[in-house]
Amino acid sequence: MIETLEQRDLRAAVAALGKRYGREYFAGVVRDGKHTDELWAEAGELGYLGVNLPEEYGGGGGGIAELAIVLEELGAAGCPLLMMVVSPAICATVISRFGTESQKRDWLPRLAAGSAKMAFGITEPDAGSNSHRITTTARRDGDGWVLSGRKVFVSGVDIAEATLIVGRTEDARTGKLKPCLFIVPRDAAGFERRQIDMELAAPEKQFELVLDEVRLPAEALVGDEDAGLLQLFAGLNPERIMTAAFAIGMGRYALGQAVEYARTRTVWKEPIGAHQAIAHPLAQAHIDIELARLMTQKGAALYDMGDDAGAGEAANMAKYAAGEAAVKAVDQAVHTLGGNGLTREYGLAAMITAARVARIAPVSREMILNYVSHQSLGLPKSY
Ligand SMILES: Cc1cc2nc3c(=O)[nH]c(=O)nc-3n(C[C@H](O)[C@H](O)[C@H](O)COP(=O)(O)OP(=O)(O)OC[C@H]3O[C@@H](n4cnc5c(N)ncnc54)[C@H](O)[C@@H]3O)c2cc1C
Numbered sequence: 001m002i003e004t005l006e007q008r009d010l011r012a013a014v015a016a017l018g019k020r021y022g023r024e025y026f027a028g029v030v031r032d033g034k035h036t037d038e039l040w041a042e043a044g045e046l047g048y049l050g051v052n053l054p055e056e057y058g059g060g061g062g063g064i065a066e067l068a069i070v071l072e073e074l075g076a077a078g079c080p081l082l083m084m085v086v087s088p089a090i091c092a093t094v095i096s097r098f099g100t101e102s103q104k105r106d107w108l109p110r111l112a113a114g115s116a117k118m119a120f121g122i123t124e125p126d127a128g129s130n131s132h133r134i135t136t137t138a139r140r141d142g143d144g145w146v147l148s149g150r151k152v153f154v155s156g157v158d159i160a161e162a163t164l165i166v167g168r169t170e171d172a173r174t175g176k177l178k179p180c181l182f183i184v185p186r187d188a189a190g191f192e193r194r195q196i197d198m199e200l201a202a203p204e205k206q207f208e209l210v211l212d213e214v215r216l217p218a219e220a221l222v223g224d225e226d227a228g229l230l231q232l233f234a235g236l237n238p239e240r241i242m243t244a245a246f247a248i249g250m251g252r253y254a255l256g257q258a259v260e261y262a263r264t265r266t267v268w269k270e271p272i273g274a275h276q277a278i279a280h281p282l283a284q285a286h287i288d289i290e291l292a293r294l295m296t297q298k299g300a301a302l303y304d305m306g307d308d309a310g311a312g313e314a315a316n317m318a319k320y321a322a323g324e325a326a327v328k329a330v331d332q333a334v335h336t337l338g339g340n341g342l343t344r345e346y347g348l349a350a351m352i353t354a355a356r357v358a359r360i361a362p363v364s365r366e367m368i369l370n371y372v373s374h375q376s377l378g379l380p381k382s383y
């Protein structure tokens, strides 16, 4: 067995919680324009949202492997919680590893309990996949900072108490720009958001942000302004591992629906699942999902061991494999249901766009192929 007994118990317990809510709950929340508050609160109370955080700050003392199990099992039950990728995985990890004592005391217990959420904003309209090009700039202002810039596609800003914004400081000595992270409260003066109209059936919304001379106290800076890139990367491996878990959960849910349908739907002599043209693609989807999970477990294991560099390659590969597996599983599931694949009742068609999120965000399929071409294979760069 690859997972420990505790991890398997966690899987079973979270799966039971997910089953109690189920797809009907999730679909209802989306339909009514609400949020998954009840499930989020219960998962927090049960210790699932902070399972990766240190015990002294209200967490479970586990790792990203455990947090990925939680997200995967909720997704497999039909309740993928996108904010888990952001709030406990990226933001809480960065604060827990690089925050000051007072930032840890202020945020970690609440992020672990689920009573507060934090969004994460790095993407910019003119930078996109090229995050080295971000222009959101932090200027020193007495003891504090003034932050100006724009962000796009930032998830859950409306339901997050604050957003962890990736900006850059201007280094007076070298003139170089360095990335650094700031906690920006939702109601900070000059912090404006506009909801983007997305073709996504999900409770979490995406926002375009304008930071117009947002004044922040010194303690809004997380970690050391000179170690920005390192700190940023510490949050990005969990982000990729968790996006993989998000995709795997979604793929498993879609595959489960398709298998159930193929087992019973009969239009000739045998159920349609007896036809290999239906069975084999589902078997392939299952294999792809299992392989993606294996790579996700590798990425999580390396990360939890403290091997940030080793985890980087595995986490990227896991995100790639899981994104592709989810897209294919959902596509095949829709097809397996014939006309019903496109009905609202079965709810699979809406997952076509949802699954594609894992192919483009937080880092696109092509950028991972670039990374593997350069970092793993040593091929030259074209850009
Ligand atoms: C639902 C959703 C939620 C999101 N949530 C967040 C969030 O919470 N916080 C946040 O900061 N961001 C978030 N994002 C943004 C996401 O991370 C970006 O969309 C993603 O990084 C791609 O950037 P882009 O959209 O600007 O695409 P672009 O960078 O414009 O890329 C467009 C296409 O060109 C390809 N491309 C670009 N450069 C290369 C290259 N060198 N070689 C080959 N191909 C290339 C890309 O792969 C892609 O297919 C979210 C996006 C979505 C869709």
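The UniProt record's numbering numbers the first residue of the sequence shown as 1 and each following residue consecutively. For every residue, glycine included, the Cβ atom is placed at its ideal position computed from N, Cα and C.
1) If you follow the alpha helix (DSSP H) that Thr7 is in, where does it begin and where does it stop?
2) At what residue ranges does the segment 88-136 contain a whole run of the beta strand (DSSP E), taking only runs of 3 or more?
3) What's the call for Trp268, buried or exposed, on a 16-neighbour Cβ count within 10 Å?
4) Per DSSP, which one or two residues make a beta bridge with Glu222?
5) Does Gly190 come out as helix, strand or coil in the three-state DSSP assignment?
6) How would you call Asn130, buried or exposed, if buried means at least 16 neighbouring beta carbons within 10 angstroms?
7) Any heavy atom of ligand 1 closer than 7 Å to the beta-carbon of Arg133?
8) Quick check: what's the CA-CA separation for Asn193 versus Val184?
9) So if DSSP puts Trp268 in a beta bridge, which residue, or which two residues, is it bridged to?
10) Roughly how many whole angstroms lie between the Cα atoms of Glu260 and Ala43?
11) Could you say which of Lys319, Val334, Tyr57 lies nearest to Ala68 if we only look at CA atoms?
12) Answer yes or no: the CB of Pro203 versus the heavy atoms of ligand 1, is any distance below 7 Å?
13) Give me, in chain order, the residues of the same chain whose beta-carbon lies closer than 6 Å to that of Met317; leave out the 5 immediate sequence neighbours on both sides.
14) If you follow the alpha helix (DSSP H) that Lys381 is in, where does it begin and where does it stop?
15) Give every residue of the same chain whose Cβ lies closer than 6 Å to the Cβ of Lys298, excluding the five residues on either side of it in the sequence, and list them in chain order.
16) Should Ala112 and Gly18 be called a contact, given that it needs their Cβ atoms to be closer than 8 Å?
17) Any contact of the segment 114-125 with the segment 150-160, i.e. 3+ C-beta pairs under 8 Å?
18) Tell me the start and end of each unbroken alpha helix (DSSP H) in the segment 281-351 that is at least 4 residues and wholly inside, in chain order.
19) Quick test of your reading: Gly251 and Ala262, contact by CB under 8 Å. State the CB separation rounded to the nearest angstrom.
20) Straight-line CA distance for Arg110 to Asn52?
21) What three-state label does DSSP hand Asp141 in the structure shown?
22) If you pair each beta-carbon of the segment 365-382 with each one of the segment 320-327, do three or more pairs fall below 8 Å?
23) Would you call Arg240 buried or exposed, if buried means 16 or more other Cβ atoms sit within 10 Å of its Cβ?
24) Measure how close the beta-carbons of Val214 and Ala244 come, nearest whole angstrom, since I'm counting them as under 8 Å.
25) Suppose the cutoff is 6 Å on Cβ atoms and the five residues either side in sequence are ignored; what does the same chain contact list for Tyr303 look like?
26) Check each candidate in Ser364, Thr343, Val86 and name the one with the smallest Cα separation from Ala162.
27) Ordered along the chain, which non-local residues of its own chain (more than five positions away) have a Cβ less than 6 Å from that of Lys205?
28) Using a Cβ-Cβ cutoff of less than 7 Å, which residues in the same chain neighbour Arg97 once the five nearest sequence positions on both sides are dropped?
29) Is it buried or exposed for Met351, if we count other Cβ within 10 angstroms and need 16 for buried?
30) Is Tyr48 buried or exposed, if buried means 16 or more other CB atoms sit within 10 Å of its CB?
31) Considering only heavy atoms of ligand 1, does any lie closer than 7 Å to the CB of Tyr57?
32) DSSP three-state call for Thr353: helix, strand or coil?
33) Sort Gly62, Ala218, Asp288, Val222 by Cα distance to Gly99 and report the nearest one.
34) Any heavy atom of ligand 1 within a distance shorter than 7 Å of the CB on Phe120?
35) Taking 7 Å as the cut-off, is the beta-carbon of Ala361 closer than that to any non-hydrogen atom of ligand 1?
Based on what the coordinates show:
1) Position 7 of the sequence shown, counted from the start, is the residue given in the question as residue 7. The sequence given here places Gln at residue 7; Thr does not occur at that position. Its alpha helix (DSSP H) spans residues 5-31.
2) As far as the segment 88-136 is concerned, its whole beta strand (DSSP E) runs of at least 3 residues are 118-121.
3) Start at 1 with the first residue of the sequence shown, and residue 268 comes out as number 268. The residue in question, Trp268, is exposed, as its Cβ has fewer than 16 Cβ neighbours within 10 Å.
4) If you number the sequence shown from 1, residue 222 lands on position 222. Note that residue 222 is Val in the sequence shown, not Glu. Answer by DSSP bridge pairing, in chain order: Leu181.
5) On the sequence shown, position 190 is the one that residue 190 refers to. Coil.
6) Along the sequence shown, read from residue 1 onward, the residue named residue 130 stands at position 130. Label assigned to Asn130: exposed.
7) Against the sequence shown, residue 133 aligns to sequence position 133. Result no, Cβ not under 7 Å from ligand 1.
8) One-based indexing of the sequence shown puts residue 193 at position 193. One-based indexing of the sequence shown puts residue 184 at position 184. Looking at the sequence provided, one finds Arg at residue 193 rather than Asn. Rounded to whole angstroms, the separation of the alpha carbons of Val184 and Arg193 is 12 Å.
9) Stepping through the sequence shown from its first residue, residue 268 is reached at position 268. Note: Trp268 is not bridge-paired with any residue in the DSSP secondary-structure output.
10) On the sequence shown, position 260 is the one that residue 260 refers to. On the sequence shown, position 43 is the one that residue 43 refers to. If I take the Cα positions, the gap works out to 28 Å.
11) Within the sequence shown, the letter at position 68 stands for residue 68. The shortest CA-to-CA distance from Ala68 to any of Lys319, Val334, Tyr57 is the one to Lys319.
12) For the purposes of this step, residue 203 is taken as the residue at position 203 of the sequence shown. Answer for Pro203: no, Cβ out of range of ligand 1.
13) By one-based count along the sequence shown, residue 317 stands at place 317. Result list for Met317: Met295, in chain order.
14) Residue 381 sits at position 381 when you count from the first residue of the sequence shown. No alpha helix (DSSP H) holds Lys381; DSSP gives it neither H nor E.
15) Stepping through the sequence shown from its first residue, residue 298 is reached at position 298. Taken in chain order, the residues that qualify are Ala314.
16) By one-based count along the sequence shown, residue 112 stands at place 112. By one-based count along the sequence shown, residue 18 stands at place 18. The answer is no: Cβ separation not under 8 Å.
17) The segment 114-125 and the segment 150-160 touch, with no fewer than 3 CB-CB distances between them shorter than 8 Å.
18) 308-336, all fully within the segment 281-351.
19) By one-based count along the sequence shown, residue 251 stands at place 251. By one-based count along the sequence shown, residue 262 stands at place 262. About 16 Å; that fails the 8 Å criterion.
20) In the sequence shown, the residue the question calls residue 110 occupies position 110. In the sequence shown, the residue the question calls residue 52 occupies position 52. C-alpha separation (whole angstroms): 14 Å.
21) Position 141 of the sequence shown, counting from 1, holds the residue named residue 141. Correct three-state label for Asp141: strand.
22) The segment 365-382 makes contact with the segment 320-327, as at least three CB pairs between them are under 8 Å.
23) For this step, residue 240 is matched to residue 240 along the sequence shown. Classification for Arg240: buried.
24) Here the question's residue 214 lines up with position 214 in the sequence shown. Here the question's residue 244 lines up with position 244 in the sequence shown. With a Cβ gap of about 33 Å, Val214 and Ala244 do not count as contacting.
25) Position 303 of the sequence shown, counting from 1, holds the residue named residue 303. The answer, listed in chain order, is Ile64, Asn237, Ala311.
26) What you label residue 162 is simply residue 162 of the sequence shown in a count that begins at 1. The residue with the shortest Cα to Cα distance from Ala162 is Val86.
27) Taking the first residue of the sequence shown as 1, we reach residue 205 at position 205. Correct list, in chain order: Gln195.
28) Translated into the one-based positions of the sequence shown, residue 97 becomes position 97. Listed in chain order, the non-local C-beta contacts of Arg97 below 7 Å within the same chain comprise Ala234, local neighbours out to five positions each way being set aside.
29) Taking the sequence shown and counting its residues from 1, the one referred to as residue 351 is at position 351. Per the 10 Å Cβ criterion, buried.
30) In the sequence shown, the residue the question calls residue 48 occupies position 48. By the neighbour-count criterion, in which a residue is buried when 16 or more other Cβ atoms sit within 10 angstroms of its Cβ, Tyr48 is buried.
31) The residue labelled residue 57 in the question sits at position 57 within the sequence shown. Every heavy atom of ligand 1 is 7 Å or more from the Cβ of Tyr57, so no.
32) Position 353 of the sequence shown, counted from the start, is the residue given in the question as residue 353. Assignment of Thr353 by DSSP, reduced to helix, strand and coil, places it in the helix class.
33) As a position in the sequence shown, residue 99 is number 99, starting the count at 1. Here the closest residue by C-alpha is Val222.
34) Within the sequence shown, the letter at position 120 stands for residue 120. Because some heavy atom of ligand 1 lies under 7 Å away, the Cβ of Phe120 counts as near it: yes.
35) Your numbering for residue 361 matches position 361 in the sequence shown. Yes, the Cβ of Ala361 comes within 7 Å of a heavy atom of ligand 1.
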